[in-house]
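Chains as they are written, first to last, in my numbering: chain A, 1 to 477; chain B, 1 to 473. Ideal Cβ placement from N, Cα and C applies to all residues, glycine included. Computed from a prediction, not measured in an experiment: that's the story for all the values here.
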Amino acid sequence: MREYEAVIGLEVHAQLLTRSKIFCGCSAAFGMAPNTNTCPVCMGMPGILPVLNRVVVDHGIKLGLALDCAIERNNVFARKNYFYPDLPKGYQITQYESPLCSGGHLDIGVSGAQKRIGIRRVHMEEDAGKNIHDERRPYSYIDFNRAGVPLLEIVTEPDMSTPDEAAAYLKELRLILVYLGICDGNMEEGSFRCDANVSVREKGSGRLGTRTELKNMNSFRNVQRALEFEIERHTRLLDAGLKVELQTLLWNPARGETQSMRSKEESHDYRYFPDPDLIPVRVDDVWIARVRETLPELPAAKRRRFALQYDLPAHDCDVLCQSRALADYFERCAELLPAPKDISNWIMTEVLRVLKGGHDDIGSLPVTPERLIGLLRLMQGGTLSGLKAKEVFDEMVATGHDAEAIVEERGLEQLSDEEELRRLAREVVEAKPRETALYRGGKTQLLGFFVGEVMKASRGKANPKLAGTIIREMLES
Amino acid sequence: MLDTARRYREGKTSPTQEVEALIERIGKDTLNAFVTLDRQGALTSAARAGIAIGQGNDDPLMGIPIAVKDNICTQGIRTTCSSDILKRFIPTYDAHVIERLKARGAVILGKTNLDEFAMGSTTTTSAFGPTRNPWDETRTPGGSSGGSAAAVAAGLCTAALGSDTGGSVRQPASFCGITGLKPTYGTVSRYGLVAFASSLDQIGPMGRTARDVAMVYDAVKGHDRRDSTSVPGPYPATELSGLDLRGVRIGVPGVFFTQGLAHDVEREVRQGIERFRDLGAAIVEVDLAHIRYGIAVYYLIAPAEASSNLARYDGVRYGERFGDEKDLFAMYSETRARGFGSEVKRRIMLGTYALSAGYYDAYYRKASQVRTLIVEDFRKAFTRCDIIAGPTVPITAFGLAEKVDDPLSLYLLDIYTIPANLAGLPAISIPCGFGDDGMPVGLQLMAPAFQDDVILRAGIAFQDSTHFHEVRP
């Protein structure tokens, strides 16, 4: 049995969050009625010319800096020529010989180990429209709303060797894009799309095997499944002494398999050449410095800082840093109350439990950091039990009220008055002579029973910790 | 034009009278200069201009009838590029130059014939039939702006717009005995000009005199944010006085007077240059070493860009659609096979080949490098002279049926006009005499970039001392 290893490279297309399209003034918004965000420019009408939206360059530089890339000073746009109904001009305006960013890297962590994935290039280009096929009639329609929406294409070196690494890379890249505020990272709506190149070779071999290109994977899970399927397929072919055919494949998530889209013979000759309608965009140090100033703290740096500054476990840092807003929420809380691990626990369990819209939805949560800390203070001060605190939290989510107000209104304060607890404890001890005798005879595990009785007597309000201390004193004196 | 403007003010005629008379003449025209006549639109704007003039408007362009080459988009008026594929295409927008002319009160009479997609030098590849030369209707008016040139020469309009990618304004101007300017690349917005070869295309004015051409140029030049290659400016108005030629150095490249140049054309052009010497200019010899590669470079770059620019005519969104709609690629092939004429298809194939994998470096990249050498040749030449002069075309207008099956010999006629496009320089053709066949001969002047005013005013000076531009067919 020979041993094999896979070699994986990824190409991501990230739609940029700009107000207007890359070469015209049309809105780049998603989800509008078909062909409403269009104009003669993005419809490719005769005589019409593209004009670059320079915010796209800002966004591209931003990502380039985040990925430690070299930034190209002389940016030439090129035409990629091919015929397709969703491509209005018969060519896509893209970058070819000199991409905006090149030679960067992204570090990922897979099962505790760090791995550096090389970034070959990041370039700017325009998206195509969308063909819509009528299921019932032999008609196809085209929606050009997407035509001209700005994209960054991000290409890695073939540095990944497992589907897990590919998924980790994609998650981290997506997180960076969202952190930078340049892409919403929505895979289902197609604002973050991934193609993969995969080949398999004998372990230790210096030569790459024949690759196949995979398309149509619209979730992290599908990327993993498609790669697993393809690696398995390549391995079987190689084991049988057969050859892998160089081709482009579509992932069929319903059938869980890849299907041939086009072979090498059918591959396009795109006839790239510099677009004479656009002048080269010169990027100078001033421009780069201006963009650098807008860079936020990136996920990796934030995770490192959280571990150091708040002494949190790696898992907590990962979860809290999955969104800038959530991390900010945590930090505001930790500013108000220096108990980072308690806060982290609460966020990871209760807060994330109620955030229906995902981690970025924290802004819509009525429980502000100030309110959450109000609740935690009531717990720390002994006014509220952990169990009751969860109830109060849910009430805070539902009503938007402060913890203090809810506790007071519903009479949920914990009984922490020692005098009163001593009185209740005395009654319980007197009412349970048999258990008292057993405890004093050495069966100290009965302490829980006595605490339970005190809780009952106080109708659940007694501070259980304090009640325990008092009963132990009473029984052991 | 100034004369018409004055007669409007003197009440001797009005824009409406003028336009009505032209419409009548165009209706009887046997030249086939126009593809589309905008009767209603022209009369409406003529009436409006008449009112403005009555109210004291003194803009010399107000009410002036102008013809527009049919590859320049006009809102609501079909813009066909003289191609079957766009024969029913009606733009929803005006080209920048049309906006400018309308803002000045000029009257757009209609759209003039051209070689299909401006690819040609005879105006015979039009889907609407050939245009004839008003000096001799058996001959070509040149091209591709042959409709505009014939219309101006025959007095069917006061001035016209053409477009010039490799000589398409200057060559027909030369063949029809009128004046035509190919402006500095980037000074007239290409927004709304249907692209042939984007890095070479410029819209240019055509008129009977250099003064008229200067006035139309001033109206249409200027920065336009919708064209990324549009130059920000400044754009000072052109002085309409003749250039004082005393001390001006006129360079004559020896390479412009070698084999292929007809002896009668050479004679008239040399006499034209002598006229400049009489006016005080110094005539110097200049060298343009790489000019001999101009045609080769042009016929790689222009078709390459064209092959991409014309990809949008695919039958999907607008224009004609032919073939089986159930089979996408059959529809594409059929639409383009039937929609385009043979010259357009020839150039698309040439360009596709030049850009193909494995050939790009040998053809397109190499051509771009030689183009840079030609730019450099001009830069050096203009350290020794202020203006370069020579023939516009090696011969006079030929018979309509001649050379139609010989694309290569047609391509060679572009030898003197192509360099200005490759280098982005301003160039003008002015009438300087007549050949042995009685057909007009043009003299070409070129200047450094953004010195359009220099050659316009040299042309004005020349015409102030000659009468060739006043001879009518």
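Check: residue i C-beta below 7 Å from any heavy atom of the ligand ADP
i                 : result
Arg-246 (chain B) : For the ligand ADP, the structure offers nothing, since it holds no ligand at all.
For residue i, three-class secondary structure by DSSP
i                 : result
Arg-79 (chain A)  : strand
Asn-216 (chain A) : strand
Gly-9 (chain A)   : strand
Asp-342 (chain A) : helix
Leu-22 (chain B)  : helix
Leu-445 (chain B) : strand
Pro-431 (chain B) : strand
Cys-194 (chain A) : strand
Phe-450 (chain B) : coil
Asp-436 (chain B) : coil
Gly-399 (chain B) : strand
Asp-143 (chain A) : strand
Phe-273 (chain A) : strand
Ser-199 (chain A) : strand
Gly-448 (chain A) : helix
Ser-333 (chain B) : helix
Val-216 (chain B) : helix
Ala-113 (chain A) : strand
Lys-102 (chain B) : helix
Glu-126 (chain A) : strand
Val-51 (chain A)  : coil
Asn-222 (chain A) : helix
Met-348 (chain A) : helix
Gly-386 (chain A) : helix
Met-160 (chain A) : strand
Boundaries of the alpha helix (DSSP H) in which residue i is found, first to last residue
i                 : result
Thr-352 (chain B) : 342 to 355
Ser-126 (chain B) : Looking at the DSSP string, Ser-126 (chain B) is not in any alpha helix (DSSP H), and its letter there is neither H nor E.
Leu-109 (chain B) : No alpha helix (DSSP H) holds Leu-109 (chain B); the beta strand (DSSP E) holding it covers 107 to 112.
Gly-294 (chain B) : 294 to 309
Ala-150 (chain B) : 146 to 153
Continuous beta strand (DSSP E) stretch holding residue i: start and end
i                 : result
Val-194 (chain B) : Careful: Val-194 (chain B) lies outside any beta strand (DSSP E) and carries neither H nor E.
Gly-103 (chain A) : 101 to 110
Asn-252 (chain A) : 247 to 252
Ser-260 (chain A) : 257 to 263
Phe-34 (chain B)  : 34 to 37
Asn-133 (chain B) : It is not in any beta strand (DSSP E) - Asn-133 (chain B) carries neither H nor E in the DSSP assignment.
Glu-153 (chain A) : 150 to 156
Residue i - partner residues in DSSP beta bridges
i                 : result
Leu-161 (chain B) : B:Val-68, B:Pro-205
Asn-35 (chain A)  : In DSSP, Asn-35 (chain A) forms no bridge with anything.
Arg-249 (chain B) : B:Ala-282
Cross-chain neighbours of residue i in chain A, by beta carbon under 9 Å
i                 : result
Asp-474 (chain B) : No information on residue 474 (chain B) is available, as it lies outside the stretch 1 to 473 that chain B covers here.
Tyr-8 (chain B)   : The premise fails here: Tyr-8 (chain B) is roughly 32 Å from chain A at the closest Cβ pair, so nothing lies under 9 Å.
Thr-372 (chain B) : Residues of chain A passing the Cβ test: none, with the nearest at roughly 13 Å.
Residues that residue i contacts on chain B, provided the C-beta gap is smaller than 8 Å
i                 : result
Gly-44 (chain A)  : Arg-312, Arg-317
Arg-271 (chain A) : Ser-307, Ser-308, Thr-352, Leu-355, Ser-356, Ala-357, Tyr-360
Arg-79 (chain A)  : Ser-308
Chain A residues whose Cβ lies nearer than 8 Å to that of residue i
i                 : result
Val-194 (chain B) : Pro-46, Gly-47
Lys-182 (chain B) : Within 8 Å Cβ-Cβ: nothing; Lys-182 (chain B) doesn't reach chain A, min ~17 Å.
Phe-89 (chain B)  : Pro-46
Leu-328 (chain B) : Pro-85
Contact list for residue i against chain A, beta-carbon separation under 7 Å
i                 : result
Glu-305 (chain B) : Pro-276
Arg-190 (chain B) : Leu-49
Ala-95 (chain B)  : Gly-47
Ser-198 (chain B) : Pro-276, Asp-277
Proximal residues of chain B, C-beta to C-beta of residue i below 9 Å
i                 : result
Arg-290 (chain A) : By Cβ distance, chain B contributes nothing, its closest Cβ being about 22 Å from Arg-290 (chain A), past 9 Å.
Pro-34 (chain A)  : Within chain B, no residue comes near Pro-34 (chain A); the closest Cβ sits about 14 Å away, beyond 9 Å.
Closer than 7 Å at the beta carbon, the chain B residues around residue i
i                : result
Tyr-91 (chain A) : Ser-308, Ala-311
Pro-88 (chain A) : Arg-312, Arg-317
Segment contact, 8 Å Cβ cut-off, at least three pairs: the segment 46 to 65 of chain A with the segment 213 to 231 of chain B: yes
Cβ contact check for the segment 148 to 163 of chain B and the segment 171 to 181 of chain B: 3 or more pairs under 8 Å: Yes, since at least three Cβ pairs between the segment 148 to 163 of chain B and the segment 171 to 181 of chain B fall closer than 8 Å, the two stretches touch.
Cβ contact (3+ pairs, closer than 8 Å) linking the segment 10 to 17 of chain A and the segment 144 to 158 of chain A: yes
At least three beta-carbon pairs within less than 8 Å, the segment 382 to 394 of chain A to the segment 428 to 439 of chain A: no
Given 8 Å, three or more beta-carbon pairs between the segment 319 to 331 of chain B and the segment 397 to 411 of chain B: no
Cβ contact (3+ pairs, closer than 8 Å) linking the segment 269 to 278 of chain B and the segment 428 to 443 of chain B: yes
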